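Remarks on the structure that follows.
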Amino acid sequence: MTLNDPIKLSSVDINVLHILSTNTKLTYNTLAEALSSSSATAKRSLQNLKAYGYITRQGSNKAGYWQLTEKGKIFIIKEQKL
41 MTLNDPIKLS SVDINVLHIL STNTKLTYNT LAEALSSSSA TAKRSLQNLK
91 AYGYITRQGS NKAGYWQLTE KGKIFIIKEQ KL
């Protein structure tokens with residue numbers, strides 16, 4: 041994979057981005073409920089999105105929250121135009 045290769049996000053990853061664009065104060069379990077999936081699936085998606093540069097963690101593990109990066113915000117804007 042080179043820098044210019046597009047990243048293929050899963051449908052779960054895309055749903056997580058949409059959810060985080062409106063609500064960042066979510067636990068793994070709450071996010072899993074919104075996705076109708078397991079908390080492990082939610083956690084894995086968050087880890088993938090962080091590795092791809094779409095989200096970042098703000099604050100501590102306990103009291104912090106997930107936030108879209110500029111890359112994540114641009115992705116959401118492009119998705120909404122489709």
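41 is the number of the first residue of the sequence shown in the working numbering; add one for each residue after it.
Positions of the beta carbon are idealized from the N, C-alpha and C atoms, including for glycine.
Here the structure is a predicted model, which is why all the values come from computation and not from measurement.
Given a cut-off of 8 Å on the beta-carbon distance, is the pair G99 and Y105 in contact?
yes
Name the DSSP beta bridge partners of Q87, please?
Answer is none; Q87 lacks a bridge partner.
Please name the residue in T109, I114, K118 and L122 whose C-alpha comes closest to that of T64.
T109
Rounded distance between the beta-carbons of S79 and N69, thought under 8 Å:
5 Å
Going by DSSP, what residues sit across from Y105 in a beta bridge?
Q98
Whole angstroms is fine: what's the gap from T96's alpha carbon to K90's?
6 Å
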